Amino acid sequence: MASITLSNIVKRYGDGFPAVNDVSIDIADGEFMILVGPSGCGKSTLLRMIVGLEDITSGDMKIGDRRVNDLAPRDRNLAMVFQNYALYPHLTVYENIAFPLRLAKKPDDEVDRLVRDAAGTLELTEHLDRKPGNLSGGQRQRVAMGRAIVRQADAFLFDEPLSNLDAKLRGQMRTEIARLQKRLGITTVYVTHDQTEAMTLGTRVAVLKKGLLQQLATPRELYENP
Ligand code: ADP
Ligand code: ADP
Numbered sequence: 004m005a006s007i008t009l010s011n012i013v014k015r016y017g018d019g020f021p022a023v024n025d026v027s028i029d030i031a032d033g034e035f036m037i038l039v040g041p042s043g044c045g046k047s048t049l050l051r052m053i054v055g056l057e058d059i060t061s062g063d064m065k066i067g068d069r070r071v072n073d074l075a076p077r078d079r080n081l082a083m084v085f086q087n088y089a090l091y092p093h094l095t096v097y098e099n100i101a102f103p104l105r106l107a108k109k110p111d112d113e114v115d116r117l118v119r120d121a122a123g124t125l126e127l128t129e130h131l132d133r134k135p136g137n138l139s140g141g142q143r144q145r146v147a148m149g150r151a152i153v154r155q156a157d158a159f160l161f162d163e164p165l166s167n168l169d170a171k172l173r174g175q176m177r178t179e180i181a182r183l184q185k186r187l188g189i190t191t192v193y194v195t196h197d198q199t200e201a202m203t204l205g206t207r208v209a210v211l212k213k214g215l216l217q218q219l220a221t222p223r224e225l226y227e228n229p
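Per this note's numbering, numbering of the sequence shown is gapless, rising by one per residue and ending at 229.
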């Protein structure tokens, strides 16, 4: 686990107005930080720069004490949880969770220990032999998080993970993600355009508008002083 420090981050595509304009945010170790704002405000760009999928035009980015500006995504030790969960339909839940460990050629006994630990935390133990196609949306989301957990990543990053779900499931998943994040205590950055998610999930909310950081506050402060 680690803090994430963004200092004067700028992203320019071409020579237009910056997509992200001088944004500084200190995300504490274990914090659940929301990035919220209307479409086009720069939140996905900011998240992609944290993951390393997009270059930073200027500014400094640190994960813990490490400056990561020039580090490749695989060297940043972060886990992105995608909107479509990106599970392998032909693999069991066990093998889906184990996937990053297989890639890293970890020994079988270590794989088994890490997968069963994660499955226990996520209440997936009795589903380990099933395939993703037979799981509920909530269970699939937990498998995706299990894969992130076994990598022992320093932080979770979510890009609108609930936007394809219907309202009922979205509500359930919101509760589930908040509960898991609290239990794991893992630093989390979560992009959404949904005010309800922003106000219920995060320990703090960063409101972006046209690339600028407009507000950085707790949900309570935003509620009392919108
Ligand atoms: P959001 O996630 O808040 O909807 P984005 O980060 O996707 O916003 O986009 C911020 C701004 O940057 C928008 O004006 C968008 O059109 C522009 N943008 C995003 N990605 C690219 C790109 N690959 N090339 C050029 N402009 C881009
Ligand atoms: P989102 O708002 O969820 O990021 P978009 O539909 O805005 O999705 O963008 C989809 C993809 O197109 C993103 O990967 C983004 O980087 C890219 N993109 C967005 N705006 C532009 C743009 N003006 N020029 C080029 N690519 C863009």
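Even for Gly, the Cβ is constructed at its ideal location relative to N, Cα and C.
The structure displayed is predicted, hence computed values, not measured ones.
| query | What distance in whole Å lies between the Cβ atoms of L49 and I12, which are believed to be in contact at a cut-off of 8 Å? | reply | As a first step, residue 12 must be located in the sequence shown, where it is residue number 9. As a first step, residue 49 must be located in the sequence shown, where it is residue number 46. With a Cβ gap of about 7 Å, I12 and L49 count as contacting.
| query | How far does the alpha helix (DSSP H) with T199 in it reach, from first residue to last? | reply | Start at 1 with the first residue of the sequence shown, and residue 199 comes out as number 196. From DSSP, the alpha helix (DSSP H) with T199 extends over 198-204.
| request: Identify whether R145 lies in helix, strand or coil by the three-state DSSP scheme. | output: Translated into positions along the sequence shown, residue 145 becomes position 142. Three-state DSSP puts R145 in a helix.
| field | Three-state secondary structure (DSSP) of G174 | value | The sequence position of residue 174 within the sequence shown is 171, counting from 1. In this structure, G174 counts as helix in the three-state DSSP scheme.
| In three-state DSSP terms, what is L56? | Counted from its first residue, the sequence shown places residue 56 at position 53. Three-state DSSP puts L56 in coil, outside helix and strand.
| query | So M64 and M52 are in contact, right, with Cβ under 8 Å, and what is the actual spacing, rounded? | reply | Taking the sequence shown and counting its residues from 1, one reaches residue 64 at position 61. Taking the sequence shown and counting its residues from 1, one reaches residue 52 at position 49. Confirmed, about 7 Å.
| message | Helix, strand or coil, according to DSSP, for V26 in the structure here? | response | The residue you call residue 26 lines up with position 23 of the sequence shown. Note: V26 maps to strand in three-state DSSP.
| In whole angstroms, what separates the C-alpha of T221 from that of A201? | By 1-based counting over the sequence shown, the position of residue 221 is 218. By 1-based counting over the sequence shown, the position of residue 201 is 198. Cα-Cα distance, rounded: 10 Å.
| Separation of T124 from Q184, as counted between CA atoms | Residue mapping note: residue 184 aligns to position 181 of the sequence shown, counting from 1. Residue mapping note: residue 124 aligns to position 121 of the sequence shown, counting from 1. Using only the alpha carbons, I get a separation of about 11 Å.
| Cβ pair count under 8 Å reaching 3, the stretch 147-155 against the stretch 113-133 | yes
| What's the C-alpha gap between A156 and L187? | Mapped onto the sequence shown, residue 156 falls at position 153. Mapped onto the sequence shown, residue 187 falls at position 184. If I take the Cα positions, the gap works out to 11 Å.
| field | A158 beta carbon less than 8 Å from that of L104 | value | Position 101 of the sequence shown, counting from 1, holds the residue named residue 104. Position 155 of the sequence shown, counting from 1, holds the residue named residue 158. No, they are not a contact pair.
| task | From the DSSP output, read off the bridge partner residues of Q218. | result | As a first step, residue 218 is located in the sequence shown; it is residue number 215 there, counting from the start. Q218 pairs with V210.
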